[in-house]
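Written below as C-alpha coordinates is the structure these notes are about.
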(Lines of atoms letter the chains of each structure in order from A and count residues from 1; the text may use other names and numbers.)
(Lines give C-alpha, C1' and ligand atoms only; values in the text may rest on other atoms or scores of the structure.)
Protein backbone atom coordinates (compact mmCIF):
# COMPACT_ATOMS: atom_id res chain seq x y z
CA UNK A 1 0.00 0.00 0.00
CA UNK A 2 1.43 3.36 -1.04
CA UNK A 3 1.46 5.76 1.84
CA UNK A 4 0.88 9.48 1.93
CA UNK A 5 4.54 10.36 2.48
CA UNK A 6 6.00 8.07 -0.15
CA UNK A 7 6.36 4.89 1.88
CA UNK A 8 5.27 1.73 0.15
CA UNK A 9 4.71 -1.75 1.48
CA UNK A 10 4.63 -4.59 -1.04
CA UNK A 11 4.17 -8.34 -0.90
CA UNK A 12 3.85 -8.80 2.89
CA UNK A 13 3.81 -12.40 4.06
CA UNK A 14 5.54 -14.31 6.80
CA UNK A 15 7.99 -16.54 4.95
CA UNK A 16 10.62 -14.98 2.73
CA UNK A 17 12.92 -16.35 0.09
CA UNK A 18 15.39 -13.46 0.46
CA UNK A 19 18.77 -13.97 2.15
CA UNK A 20 19.52 -12.10 5.31
CA UNK A 21 21.56 -8.96 4.81
CA UNK A 22 23.69 -7.06 7.26
CA UNK A 23 22.58 -6.91 10.86
CA UNK A 24 20.59 -9.20 13.07
CA UNK A 25 17.28 -7.95 11.68
CA UNK A 26 18.02 -9.32 8.23
CA UNK A 27 18.27 -5.94 6.45
CA UNK A 28 20.40 -5.00 3.44
CA UNK A 29 20.78 -1.56 1.89
CA UNK A 30 19.10 -0.71 -1.36
CA UNK A 31 21.40 0.25 -4.26
CA UNK A 32 21.22 3.91 -5.26
CA UNK A 33 20.98 6.77 -5.58
CA UNK A 34 19.11 6.61 -8.87
CA UNK A 35 16.96 9.46 -10.17
CA UNK A 36 13.41 8.78 -9.08
CA UNK A 37 14.38 5.49 -7.45
CA UNK A 38 13.43 4.63 -3.86
CA UNK A 39 16.02 5.00 -1.14
CA UNK A 40 14.90 2.15 1.08
CA UNK A 41 15.61 -1.19 2.66
CA UNK A 42 15.05 -4.84 1.94
CA UNK A 43 13.70 -6.87 4.80
CA UNK A 44 14.02 -10.63 4.65
CA UNK A 45 12.54 -13.22 6.96
CA UNK A 46 14.21 -16.31 8.38
CA UNK A 47 13.47 -18.51 5.36
CA UNK A 48 16.37 -20.36 3.63
CA UNK A 49 18.39 -18.65 0.92
CA UNK A 50 16.77 -18.44 -2.48
CA UNK A 51 19.14 -18.26 -5.47
CA UNK A 52 16.51 -16.60 -7.67
CA UNK A 53 15.66 -13.62 -5.49
CA UNK A 54 18.29 -11.16 -6.72
CA UNK A 55 17.14 -10.56 -10.33
CA UNK A 56 13.53 -10.06 -9.25
CA UNK A 57 14.24 -7.66 -6.38
CA UNK A 58 17.06 -5.70 -8.03
CA UNK A 59 14.92 -5.08 -11.10
CA UNK A 60 12.25 -3.66 -8.82
CA UNK A 61 14.63 -1.48 -6.83
CA UNK A 62 16.50 -0.02 -9.79
CA UNK A 63 13.26 1.07 -11.46
CA UNK A 64 11.01 3.95 -10.50
CA UNK A 65 8.74 3.55 -7.48
CA UNK A 66 5.85 2.65 -9.73
CA UNK A 67 8.09 0.25 -11.61
CA UNK A 68 9.03 -1.43 -8.36
CA UNK A 69 5.41 -1.89 -7.51
CA UNK A 70 4.64 -3.31 -10.93
CA UNK A 71 7.55 -5.73 -10.69
CA UNK A 72 6.35 -6.97 -7.35
CA UNK A 73 2.80 -7.45 -8.62
CA UNK A 74 3.98 -9.06 -11.83
CA UNK A 75 5.72 -11.86 -9.96
CA UNK A 76 2.78 -12.11 -7.60
CA UNK A 77 4.84 -11.24 -4.54
CA UNK A 78 6.59 -14.61 -4.76
CA UNK A 79 10.18 -15.29 -5.76
CA UNK A 80 10.84 -17.46 -8.78
CA UNK A 81 11.92 -20.55 -6.88
CA UNK A 82 8.59 -20.62 -5.05
CA UNK A 83 10.11 -21.00 -1.59
CA UNK A 84 8.03 -18.25 -0.01
CA UNK A 85 6.99 -14.62 0.06
CA UNK A 86 9.35 -11.68 0.04
CA UNK A 87 8.82 -8.22 1.41
CA UNK A 88 10.02 -4.81 0.25
CA UNK A 89 9.75 -1.81 2.53
CA UNK A 90 10.49 1.55 0.94
CA UNK A 91 11.16 4.08 3.65
CA UNK A 92 11.65 7.19 1.50
CA UNK A 93 11.72 8.54 -2.05
CA UNK A 94 13.52 11.39 -3.75
CA UNK A 95 11.58 14.36 -5.05
CA UNK A 96 10.87 13.79 -8.74
CA UNK A 97 10.93 17.53 -9.48
CA UNK A 98 14.22 18.70 -7.96
CA UNK A 99 15.83 15.24 -7.39
CA UNK A 100 17.58 16.57 -4.28
CA UNK A 101 15.33 16.42 -1.23
CA UNK A 102 13.41 13.58 0.31
CA UNK A 103 9.82 13.48 -0.95
CA UNK A 104 7.01 14.36 1.46
CA UNK A 105 3.97 14.51 -0.80
CA UNK A 106 2.53 12.44 -3.61
CA UNK A 107 0.18 13.84 -6.22
CA UNK A 108 -3.13 11.91 -6.22
CA UNK A 109 -3.52 12.38 -9.97
CA UNK A 110 -0.14 11.71 -11.58
CA UNK A 111 1.51 9.92 -8.60
CA UNK A 112 4.59 12.17 -8.76
CA UNK A 113 6.61 12.69 -5.57
CA UNK A 114 7.38 16.21 -4.34
CA UNK A 115 9.31 17.61 -1.41
CA UNK A 116 7.78 21.06 -0.97
CA UNK A 117 4.99 23.37 -2.06
CA UNK A 118 7.31 24.95 -4.62
CA UNK A 119 8.00 21.58 -6.26
CA UNK A 120 4.30 20.74 -6.17
CA UNK A 121 3.51 23.93 -8.07
CA UNK A 122 6.35 23.30 -10.53
CA UNK A 123 5.17 19.78 -11.31
CA UNK A 124 1.58 21.01 -11.81
CA UNK A 125 2.80 23.67 -14.22
CA UNK A 126 5.14 21.34 -16.12
CA UNK A 127 2.66 18.46 -16.45
CA UNK A 128 -0.55 20.53 -16.60
CA UNK A 129 -1.74 18.57 -13.58
CA UNK A 130 -4.58 19.82 -11.38
CA UNK A 131 -3.72 17.57 -8.45
CA UNK A 132 -7.20 16.03 -8.28
CA UNK A 133 -7.46 12.25 -8.33
CA UNK A 134 -8.82 10.89 -11.59
CA UNK A 135 -11.88 8.90 -10.52
CA UNK A 136 -12.33 7.49 -14.03
CA UNK A 137 -8.77 6.22 -14.47
CA UNK A 138 -8.46 2.67 -15.77
CA UNK A 139 -7.93 -0.03 -13.14
CA UNK A 140 -7.25 -3.58 -14.25
CA UNK A 141 -9.24 -6.48 -12.81
CA UNK A 142 -6.19 -7.78 -10.94
CA UNK A 143 -5.69 -4.42 -9.20
CA UNK A 144 -9.39 -3.81 -8.50
CA UNK A 145 -10.12 -3.69 -4.76
CA UNK A 146 -12.98 -2.80 -2.45
CA UNK A 147 -11.65 0.76 -2.30
CA UNK A 148 -11.97 1.06 -6.07
CA UNK A 149 -15.53 -0.26 -5.87
CA UNK A 150 -16.39 2.26 -3.17
CA UNK A 151 -14.81 5.04 -5.22
CA UNK A 152 -16.87 4.08 -8.29
CA UNK A 153 -20.05 3.95 -6.22
CA UNK A 154 -19.44 7.41 -4.78
CA UNK A 155 -18.57 8.72 -8.23
CA UNK A 156 -21.93 7.52 -9.60
CA UNK A 157 -23.69 9.11 -6.64
CA UNK A 158 -21.93 12.41 -7.34
CA UNK A 159 -22.96 12.24 -11.00
CA UNK A 160 -26.60 11.64 -10.06
CA UNK A 161 -26.52 14.46 -7.52
CA UNK A 162 -25.00 16.85 -10.05
CA UNK A 163 -27.57 15.93 -12.71
CA UNK A 164 -30.43 16.43 -10.26
CA UNK A 165 -29.04 19.79 -9.15
CA UNK A 166 -28.65 20.90 -12.77
CA UNK A 167 -32.24 19.91 -13.57
CA UNK A 168 -33.54 21.84 -10.57
CA UNK A 169 -31.48 24.88 -11.42
CA UNK A 170 -32.73 24.80 -15.01
CA UNK A 171 -36.37 24.65 -13.92
CA UNK A 172 -36.13 27.24 -11.17
CA UNK A 173 -34.27 29.83 -13.20
CA UNK A 174 -35.86 29.09 -16.57
CA UNK A 175 -38.30 31.91 -17.43
CA UNK A 176 -39.92 29.78 -20.14
CA UNK A 177 -40.85 27.03 -17.67
CA UNK A 178 -42.37 29.55 -15.28
CA UNK A 179 -44.33 31.13 -18.11
CA UNK A 180 -45.71 27.75 -19.21
CA UNK A 181 -46.80 26.89 -15.66
CA UNK A 182 -48.49 30.24 -15.26
CA UNK A 183 -50.27 29.80 -18.60
CA UNK A 184 -51.40 26.29 -17.62
CA UNK A 185 -52.89 27.50 -14.33
CA UNK A 186 -54.53 30.45 -16.09
CA UNK A 187 -56.19 28.21 -18.70
CA UNK A 188 -57.41 25.87 -15.97
CA UNK A 189 -58.86 28.82 -14.03
CA UNK A 190 -60.87 29.84 -17.10
CA UNK A 191 -62.32 26.31 -17.14
CA UNK A 192 -63.34 26.68 -13.46
CA UNK A 193 -60.54 24.34 -12.32
CA UNK A 194 -58.28 25.37 -9.44
CA UNK A 195 -54.98 23.88 -10.65
CA UNK A 196 -52.12 24.17 -8.16
CA UNK A 197 -48.50 23.26 -8.75
CA UNK A 198 -45.91 22.12 -6.22
CA UNK A 199 -42.38 23.52 -5.83
CA UNK A 200 -39.56 22.12 -7.93
CA UNK A 201 -38.20 18.88 -6.49
CA UNK A 202 -41.50 17.28 -5.47
CA UNK A 203 -42.28 13.92 -7.04
CA UNK A 204 -45.66 14.98 -8.43
CA UNK A 205 -44.07 18.08 -9.98
CA UNK A 206 -41.53 15.92 -11.81
CA UNK A 207 -44.16 13.38 -12.90
CA UNK A 208 -46.74 15.84 -14.17
CA UNK A 209 -46.98 15.88 -17.96
CA UNK A 210 -50.22 17.87 -18.32
CA UNK A 211 -50.27 20.24 -21.29
CA UNK A 212 -52.70 22.62 -22.97
CA UNK A 213 -53.06 22.69 -26.75
CA UNK A 214 -53.74 26.29 -27.75
CA UNK A 215 -54.82 25.31 -31.28
CA UNK A 216 -57.42 22.79 -30.12
CA UNK A 217 -58.09 24.70 -26.89
CA UNK A 218 -57.98 21.44 -25.06
CA UNK A 219 -56.19 20.03 -22.01
CA UNK A 220 -54.21 16.81 -22.26
CA UNK A 221 -54.11 15.56 -18.70
CA UNK A 222 -51.72 13.43 -16.75
CA UNK A 223 -53.92 10.96 -14.82
CA UNK A 224 -53.39 8.35 -12.15
CA UNK A 225 -55.89 5.51 -11.69
CA UNK A 226 -55.83 3.60 -8.41
CA UNK A 227 -57.71 0.31 -7.96
CA UNK A 228 -57.66 -0.31 -4.18
CA UNK A 229 -59.36 -3.73 -4.26
CA UNK A 230 -56.64 -5.10 -6.56
CA UNK A 231 -53.76 -3.07 -5.08
CA UNK A 232 -52.95 -1.72 -8.54
CA UNK A 233 -52.38 1.71 -10.00
CA UNK A 234 -51.78 2.96 -13.53
CA UNK A 235 -50.54 6.25 -14.96
CA UNK A 236 -51.99 7.74 -18.13
CA UNK A 237 -50.45 10.58 -20.13
CA UNK A 238 -52.01 12.88 -22.70
CA UNK A 239 -55.66 12.14 -21.88
CA UNK A 240 -57.90 14.68 -23.72
CA UNK A 241 -60.31 16.57 -21.50
CA UNK A 242 -63.32 15.77 -23.72
CA UNK A 243 -63.01 12.03 -23.14
CA UNK A 244 -65.56 10.46 -20.81
CA UNK A 245 -64.47 8.61 -17.69
CA UNK A 246 -66.18 5.46 -18.95
CA UNK A 247 -64.01 5.51 -22.08
CA UNK A 248 -60.91 6.12 -19.95
CA UNK A 249 -61.67 3.04 -17.83
CA UNK A 250 -62.56 0.72 -20.72
CA UNK A 251 -58.98 -0.54 -21.34
CA UNK A 252 -58.84 -1.57 -17.68
CA UNK A 253 -62.20 -2.92 -16.48
CA UNK A 254 -64.10 -3.74 -19.67
CA UNK A 255 -64.16 -7.57 -20.05
CA UNK A 256 -63.93 -7.31 -23.87
CA UNK A 257 -61.72 -4.30 -24.61
CA UNK A 258 -59.27 -4.56 -21.71
CA UNK A 259 -55.78 -5.97 -22.05
CA UNK A 260 -55.63 -9.67 -20.97
CA UNK A 261 -52.82 -9.07 -18.48
CA UNK A 262 -54.56 -6.04 -16.97
CA UNK A 263 -57.90 -7.86 -17.04
CA UNK A 264 -56.45 -10.73 -15.02
CA UNK A 265 -54.99 -8.39 -12.43
CA UNK A 266 -58.24 -6.41 -12.15
CA UNK A 267 -60.43 -9.48 -12.30
CA UNK A 268 -62.57 -8.39 -9.36
CA UNK A 269 -63.56 -5.30 -11.38
CA UNK A 270 -64.10 -7.00 -14.73
CA UNK A 271 -66.46 -9.64 -13.33
CA UNK A 272 -68.54 -7.02 -11.49
CA UNK A 273 -71.40 -5.14 -13.17
CA UNK A 274 -70.46 -1.72 -14.51
CA UNK A 275 -73.18 -0.19 -12.34
CA UNK A 276 -71.23 -1.23 -9.22
CA UNK A 277 -68.13 0.72 -10.25
CA UNK A 278 -67.59 4.03 -8.48
CA UNK A 279 -65.02 6.66 -9.44
CA UNK A 280 -63.88 8.80 -6.53
CA UNK A 281 -61.56 11.75 -6.25
CA UNK A 282 -60.04 13.02 -3.02
CA UNK A 283 -61.02 16.50 -1.85
CA UNK A 284 -57.90 18.56 -1.29
CA UNK A 285 -57.16 20.97 1.58
CA UNK A 286 -59.06 19.07 4.25
CA UNK A 287 -57.85 17.96 7.66
CA UNK A 288 -56.29 14.52 7.90
CA UNK A 289 -59.03 13.25 10.21
CA UNK A 290 -61.84 14.39 7.89
CA UNK A 291 -60.84 13.08 4.47
CA UNK A 292 -63.70 13.11 1.98
CA UNK A 293 -64.09 12.14 -1.69
CA UNK A 294 -66.04 13.43 -4.65
CA UNK A 295 -68.12 10.88 -6.55
CA UNK A 296 -67.58 11.44 -10.27
CA UNK A 297 -69.97 10.71 -13.13
CA UNK A 298 -68.53 8.15 -15.55
CA UNK A 299 -70.88 9.31 -18.34
CA UNK A 300 -69.56 12.88 -18.31
CA UNK A 301 -66.29 14.15 -19.78
CA UNK A 302 -63.10 14.58 -17.82
CA UNK A 303 -63.37 18.37 -18.05
CA UNK A 304 -66.92 18.41 -16.67
CA UNK A 305 -65.91 16.20 -13.75
CA UNK A 306 -62.98 18.45 -12.83
CA UNK A 307 -64.91 21.72 -12.86
CA UNK A 308 -65.21 23.41 -9.48
CA UNK A 309 -62.52 21.22 -7.92
CA UNK A 310 -58.99 21.74 -6.62
CA UNK A 311 -56.32 19.78 -8.49
CA UNK A 312 -52.78 19.50 -7.14
CA UNK A 313 -50.54 18.89 -10.18
CA UNK A 314 -52.77 16.20 -11.76
CA UNK A 315 -56.00 14.29 -10.97
CA UNK A 316 -55.91 10.99 -9.11
CA UNK A 317 -58.98 8.77 -9.39
CA UNK A 318 -59.88 5.90 -7.06
CA UNK A 319 -61.93 3.16 -8.73
CA UNK A 320 -63.93 1.22 -6.12
CA UNK A 321 -66.87 -1.18 -6.02
CA UNK A 322 -70.07 -0.32 -4.17
CA UNK A 323 -70.54 -3.91 -3.03
CA UNK A 324 -67.20 -4.02 -1.21
CA UNK A 325 -66.55 -2.16 2.02
CA UNK A 326 -63.92 0.58 2.07
CA UNK A 327 -62.96 3.44 4.35
CA UNK A 328 -63.56 6.14 1.74
CA UNK A 329 -66.24 8.58 2.84
CA UNK A 330 -68.05 10.34 0.00
CA UNK A 331 -68.89 14.00 0.45
CA UNK A 332 -72.43 14.32 1.85
CA UNK A 333 -72.53 10.63 2.77
CA UNK A 334 -70.41 10.69 5.93
CA UNK A 335 -70.70 8.00 8.57
CA UNK A 336 -72.06 10.56 11.06
CA UNK A 337 -74.80 11.83 8.76
CA UNK A 338 -77.54 9.40 9.90
CA UNK A 339 -76.96 9.78 13.70
CA UNK A 340 -77.06 13.59 13.36
CA UNK A 341 -80.38 13.48 11.49
CA UNK A 342 -81.78 11.09 14.08
CA UNK A 343 -80.70 13.42 16.90
CA UNK A 344 -82.31 16.42 15.17
CA UNK A 345 -85.53 14.43 14.69
CA UNK A 346 -85.62 13.63 18.42
CA UNK A 347 -85.13 17.30 19.32
CA UNK A 348 -88.00 18.34 17.06
CA UNK A 349 -90.34 15.84 18.68
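Numbering (my numbering), first residue to last: 1442 to 1790. Glycine included, every Cβ here is placed at the ideal spot set by N, Cα and C.
Cβ-Cβ distances below 8 Å link residue 1648 to 1663, 1676, 1754, 1755 in the same chain, with the five nearest sequence neighbours on each side left out; the list follows chain order. With 16 or more other Cβ atoms inside 10 Å of its own Cβ, residue 1548 counts as buried. With contacts defined as CB atoms closer than 9 Å, residue 1686 and residue 1741 qualify as a contacting pair. Relative to residue 1746, the option among 1572, 1684, 1585 whose CA is nearest is 1684. In chain order, 1762 place their CB closer than 6 Å to the CB of residue 1713, counting only its own chain and leaving out the 5 sequence neighbours on each side.
The stretch 1650 to 1720 is shown to contain whole alpha helix (DSSP H) runs of 4 or more residues at 1686 to 1694, 1701 to 1706, 1708 to 1711, in chain order. The beta carbons of residue 1653 and residue 1619 sit no closer together than 9 Å.
According to DSSP, residue pairing for residue 1762 in a beta bridge involves 1718. Residue range 1734 to 1737 is occupied by the beta strand (DSSP E) that includes residue 1736. The beta carbons of residue 1724 and residue 1680 sit no closer together than 9 Å. Where residue 1647 is concerned, the enclosing alpha helix (DSSP H) starts and stops at 1644 to 1648. In the displayed model, residue 1585 falls within coil according to three-state DSSP, outside both helix and strand.
Cβ neighbours of residue 1538 within its own chain (closer than 7 Å, five residues either side excluded): 1555, 1560, 1563, 1564.
Between residue 1749 and residue 1599, the alpha-carbon positions lie close to 45 Å from each other. For residue 1579, the secondary structure class from DSSP, reduced to helix, strand or coil, is coil.
Taking each of 1633, 1674, 1715, 1758 in turn and checking the Cα distance to residue 1694, the smallest one comes out for 1715.
For the options 1765, 1584, 1688, 1545, the alpha carbon positioned closest to that of residue 1717 is the one of 1765. Non-local C-beta neighbours of residue 1699 in its own chain, meaning closer than 8 Å and more than five positions away in sequence, comprise 1691, 1692, 1693, 1707, 1711, ordered along the chain.
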